[in-house]
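>
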Amino acid sequence: MKVFFKFGPGLPAPFIAVVCCFVLFWIEPLPLTLLRNGVFDQFQRWRPRSYQTAPVRIVDIDEESLKKLGQWPWPRTRMAELVDALHRSGAAAVGLDIVFAESDRTSPGAVSAAWPLSGEMRRRLAELPDHDDVFAAALSGKGVVLGFAAGPNDPAYGPPAGSFRVVFSGPSPQPFLHAFDGAVTSLPLLESAAAGNGALTFVPDSDGVVRRIPLLILLAGRVMPSFAAETLRVAQGGRNYIIRTSPRKDIGVSEVRIGAVTVPTTSRGEMWIYYTPAVPARSLPAWRVFSGEASREELEGRIVLVGASAQGLMDLRFSPLGDIIPGIEVHAQALEQIFTGTYLTRPSWSYGLEALFLAAGGLAIGASALATPVLVSAGITAAVLLAAGGGAWSAFIRHGLLLDPVTPGLVLLVAFILGGIVRHRSSEKRQRWVREAFSRYVSPNRVDYLVRHPEQLELGGRRQECSFVFTDLVGFTSLMEKMDPADAVSVLNTYLDRMVEIAFAHGGTLDRIVGDSVAIMFSAPVFQPDHRARALACALNMHAFAESYAAEMEIRGVAFGSTRIGVHSGDVIVGNFGGSAMFDYRALGDAVNTAARLESVNRHLGTKICVSEATLSGCPDAAARPVGLLVMKGKTAPLQVFEPIFRKEKNAAAQPRDDAYEQAFSFLRDHDARAMDAFKKLVSERPEDPLAAFHLKRLQAGERGDTIHFEEK
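Start counting the sequence shown at 15; every next residue gets the next number (our numbering).
#1: Taking the alpha-carbon positions, what's the Phe114 to Asp146 distance?
#2: Any heavy atom of the ligand HEM closer than 7 Å to the CB of Ser268?
#3: Val588 and Ala601 look like a contact to me (Cβ under 8 Å); what is the Cβ gap, rounded to whole Å?
#4: Classify Tyr288 as helix, strand or coil using the three-state DSSP reduction.
#5: Got a sec? Which residues, its chain only, sit under 6 Å from Arg271 by beta carbon, not counting five neighbours each side?
#6: Is it a yes or a no for the stretch 182 to 196 touching the stretch 272 to 287, going by three-plus beta-carbon pairs under 8 Å?
#7: By alpha-carbon positions, which one of Leu713, Phe482, Val223 ends up nearest to Arg526?
#8: Could you check whether Phe693 and Ala715 sit closer than 8 Å to each other, using their CB atoms as the reference points?
#9: Please confirm if the stretch 171 to 184 is in contact with the stretch 66 to 75, defined as three or more CB-CB distances below 8 Å between the two stretches.
#10: Looking at the secondary structure, which residues open and close the alpha helix (DSSP H) in which Ser206 lies?
#11: In chain order, what residues of the same chain have a beta carbon less than 7 Å from the beta carbon of Ile516, not counting five sequence neighbours either side?
#12: Starting from Tyr65, follow its DSSP beta bridges and name the residues at the other end.
#13: Quick one: grab the DSSP three-state call for Asp585.
#14: Just mark Pro701 as buried or exposed, buried being the case when its beta carbon has 16 or more other beta carbons within 10 Å.
#15: Answer with buried or exposed for Glu368, where buried requires no fewer than 16 other C-beta atoms within 10 angstroms of its C-beta.
#16: Just to confirm, are Asp55 and Pro334 a CB contact at a threshold of 8 Å?
#17: Give the range of the beta strand (DSSP E) segment to which Arg71 is assigned.
#18: Specify the secondary structure class of Cys552 as computed by DSSP and reduced to three states.
#19: Which residues bound the beta strand (DSSP E) around Ala115?
#20: What separation, rounded to the nearest whole angstrom, lies between the Cα atoms of Gln85 and Asp76?
#21: With a floor of 4 residues, list each alpha helix (DSSP H) that falls wholly inside the stretch 586 to 642, ordered by position along the chain.
#22: Are the CB atoms of Ser583 and Ser614 within a distance shorter than 8 Å?
#23: Please classify Gln58: is it buried, with 16 or more other beta-carbons within 10 angstroms of its beta-carbon, or exposed?
#24: Which partner residues of Pro340 appear in the DSSP bridge assignment?
#25: Are there 16 or more other CB atoms within 10 angstroms of the CB of Lys622, so buried, or fewer, so exposed?
#26: Ignore the nearest five residues each way along the sequence and tell me which others in Ala564's own chain have a CB closer than 7 Å to its CB.
#27: What are the complete alpha helix (DSSP H) segments, minimum 4 residues, inside the stretch 484 to 554?
#28: Tell me Tyr255's beta-bridge partners as DSSP assigns them.
#29: Based on the DSSP output, what are the partners of Thr421 in its beta bridges?
#30: By how many angstroms is the C-alpha of Ala208 removed from the C-alpha of Ala274?
#31: Within 10 Å of its beta-carbon, does Pro539 have 16 or more other beta-carbons around it, so buried, or fewer, so exposed?
#32: What does the alpha-carbon distance come out to for the pair Thr650 and Val532?
#33: Whether or not the stretch 405 to 421 and the stretch 375 to 393 are in contact is what I'm after, with contact meaning three or more pairs of Cβ atoms, one per stretch, closer than 8 Å; do they touch?
#34: If you count every other CB in all the chains shown that lies within 10 Å of the CB of Gly109, and 16 or more means buried, which is it?
#35: Please go through the same chain and pick out, in chain order, the residues whose beta-carbon is closer than 8 Å to the beta-carbon of Tyr455, but skip the five residues on each side of it.
#36: Quick check: the Cα distance between Glu343 and Asp74, rounded to an integer number of angstroms?
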């Protein structure tokens with residue numbers, strides 16, 4: 015099977031759109047990023063990460079713990095008790111998702127300075143250990159990691175402490191890492207006692223959802239680990255962070271090695287979080303640790319993260335699953351993924367793959383939209399969109415890959431829509447051209463009617479009353495013999511073009527053109543209640559044009575001839591007649607033949623227009639004089655026929671009456687002997703009146719009455 019593609023001048027439109035979308039793909043405007051992230055979120059909702067037991071636990075400072083242990087902030091001595099209890103339970107490392115930026119206000123020294131005490135009481139309180147000193151002693155040597163909040167530079171705080179080392183494998187990652195000017199840190203006393211210090215800062219997307227956490231950040235020009243990364247390092251007893259970057263300067267970070275664990279990252283050193291639904295086994299309330307109800311099996315050998323879920327502490331985040339979760343749970347889920355090796359990745363090559371699909375698919379869809387029917391191109395587009403979405407979903411559930419089906423899908427839709435618009439406009443343009451061309455062969459009102467009612471393009475007809483105008487050019491055949499054929503055709507075409515134009519102006523339907531004859535139909539295909547008046551007005555205008563055109567041709571030396579016109583109305587069968595291969599729209603019935611006979615009878619009467627009473631009855635304002643009761647050849651019933659009255663000087667507008675003629679005709683109709691003298695007088699006064707001469711000749715031949723029999727057509 016061969017397929018031929020036809021492209022019009024609108025060919026570049028969908029391809030220009032693909033190029034523009036390609037540019038947007040690289041720019042990544044915010045709406046596009048939000049759509050892409052929305053798809054990635056939906057993937058997680060459809061297939062969230064299955065919870066697997068990992069050596070990570072959350073000690074949750076929840077609402078119940080606050081009720082049982084007192085309001086927040088707790089004294090540092092209580093925090094020291096918590097750290098000691100976790101250490102005794104065998105925790106591999108303890109991460110405190112809390113910034114201890116200020117001294118404990120409940121310390122004895124602070125209380126003694128604020129309360130009105132006696133000197134002895136003040137001295138005895140001063141001898142008690144400071145709560146911060148107690149807490150620092152509890153932190154020392156127990157694998158505890160503190161946190162700091164990175165943000166704008168604050169001169170009240172110094173740089174956070176750290177006992178780690180960062181090693182670069184490849185170009186420096188610093189240009190790619192999230193950069194911050196300063197940080198709110200814990201007290202230097204506490205930082206020096208802790209085993210590690212990590213950034214608690216999240217970098218949510220513009221919609222507030224935390225989808226990634228940075229494993230490393232750039233703080234005042236220094237690479238610092240995140241809270242989760244630092245807790246993992248301390249738990250392993252490691253010292254180094256090894257950051258691997260690509261030799262290509264535009265790729266950035268590819269992975270971060272923390273102790274014995276290698277974590278794949280984004281170019282900015284971030285880790286995608288693959289969330290699970292809420293799992294009770296992940297955490298235990300802080301009050302259970304204090305009360306001793308937490309078993310050693312729940313904590314031994316695990317990384318224990320201490321954080322708050324109580325709403326009043328304001329550490330809540332939006333997740334892609336549509337939930338609001340505590341910030342500590344984000345760190346915990348990140349560590350769970352690292353331990354189980356369950357990662358979400360969006361590798362650097364994914365952009366190239368999406369760009370290739372965008373370009374190839376967009377161009378292919380644009381071409382199909384331009385060259386194939388809309389249902390075919392829509393089917394192709396739908397198939398490609400399903401393939402893109404299905405491929406992205408399969409890559410997600412099988413390999414944890416985040417491939418973007420949104421941007422290529424939008425490009426495909428834009429290419430399809432623009433291609434469809436271009437094709438539609440091209441089709442409309444072709445239809446207009448065909449319609450205009452078709453209108454040269456078929457009446458415009460017939461074309462319009464078929465466009466609105468295509469169901470009428472079937473064989474069959476219906477009975478309807480219509481009016482008909484038949485014209486014939488006298489003597490043109492002999493004129494053709496005397497003129498150059500090309501000139502004769504030009505003269506005839508001008509004549510016919512104007513005659514048809516007049517018919518169309520009155521709402522007539524071109525029935526047919528046969529040589530120099532024209533047949534016009536009114537009230538079909540569209541019903542016209544005033545079809546009789548339209549037909550008569552059309553005939554009068556045709557007559558006026560034919561007379562003026564003949565006079566113009568005579569001036570040019572061309573004996574063009576005169577035009578005879580017959581007008582009649584009656585019931586006919588109107589519709590499409592023919593066969594299945596070809597048919598013609600026309601009217602069939604005696605009224606059609608009668609109109610043609612009225613045109614031909616003019617040559618016997620000497621008139622230019624003959625109008626039947628059936629037509630004239632619908633033209634109350636028309637001025638006409640009676641011709642007589644005509645009995646055509648092959649007919650038995652007479653037909654009352656009239657001739658319109660014209661003003662001689664303009665050959666158009668009708669005069670009210672022809673009283674002299676009508677008086678003479680009444681004598682004729684009544685078989686009155688005075689008819690002979692009346693018509694003799696008319697002929698003598700009007701030698702140019704052929705109808706009066708016709709009746710006089712009949713009277714002289716012995717005929718009486720107004721019934722006229724014709725033996726010829």
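Where is the CB? At the ideal position from N, CA and C, for every residue including glycine. Please read these numbers as outputs of a predicted model, since none were measured by experiment.
Quick look at the numbers:
#1: Spanning the two alpha carbons is a distance of roughly 10 Å.
#2: Inclusion of the ligand HEM in the displayed structure is not the case, the ligand content being empty and no account of it being possible.
#3: Correct: roughly 5 Å between the Cβ atoms.
#4: If DSSP states are grouped into helix, strand and coil, Tyr288 belongs with coil.
#5: Excluding residues within five positions, the ones whose Cβ falls inside 6 Å are Ile256.
#6: Yes: at least three Cβ pairs fall under 8 Å.
#7: Of Leu713, Phe482, Val223, the residue nearest in Cα terms is Phe482.
#8: In this structure, Phe693 does not lie closer than 8 Å to Ala715 by Cβ.
#9: The stretch 171 to 184 is not in contact with the stretch 66 to 75.
#10: Looking at the DSSP string, the run of the alpha helix (DSSP H) that includes Ser206 is 202 to 207.
#11: Sequence-distant Cβ neighbours of Ile516 in its own chain, meaning closer than 7 Å and more than five residues away, are Cys552, Asn555, Met556, Phe559.
#12: DSSP lists no partner for Tyr65.
#13: Correct three-state label for Asp585: strand.
#14: That one is exposed.
#15: It is buried - the Cβ of Glu368 has at least 16 other Cβ atoms within 10 Å.
#16: Here Asp55 is near Pro334, since their CB atoms are less than 8 Å apart.
#17: 70 to 75 is the extent of the beta strand (DSSP E) around Arg71.
#18: Under the three-state reduction of DSSP, Cys552 is assigned to helix.
#19: The continuous stretches of beta strand (DSSP E) do not include Ala115, and DSSP gives it neither H nor E.
#20: The alpha-carbon atoms of Gln85 and Asp76 are separated by roughly 11 Å.
#21: Counting only runs that start and end inside the stretch 586 to 642, the alpha helix (DSSP H) elements of at least 4 residues fall at 604 to 619, 627 to 630.
#22: The answer is no: Cβ separation not under 8 Å.
#23: By the beta-carbon neighbour count (other beta carbons within 10 angstroms, threshold 16), Gln58 is buried.
#24: Note: Pro340 sits in a beta bridge opposite Leu330.
#25: Around the beta-carbon of Lys622, 16 or more other beta-carbon atoms lie within 10 Å, marking it buried.
#26: Excluding residues within five positions, the ones whose Cβ falls inside 7 Å are Phe574, Gly575, Ser576.
#27: Taken in chain order, the whole alpha helix (DSSP H) runs of length 4 or more contained in the stretch 484 to 554 are 490 to 496, 499 to 519.
#28: In the DSSP assignment, Tyr255 is bridged to Val180, Ile272.
#29: DSSP, once it has assigned bridges, lists no residue as partnering Thr421.
#30: When rounded, the distance between both Cα atoms is 22 Å.
#31: Result: buried.
#32: Between Thr650 and Val532, the C-alpha separation is close to 27 Å.
#33: With the rule of 3 Cβ pairs closer than 8 Å, the stretch 375 to 393 does not count as touching the stretch 405 to 421.
#34: Buried: at least 16 other Cβ atoms inside 10 Å.
#35: Unreliable positioning characterises Tyr455 in this predicted model, as indicated by a pLDDT of 47, which lies under 50. A coordinate reading is not provided.
#36: Their Cα atoms are separated by approximately 10 Å.
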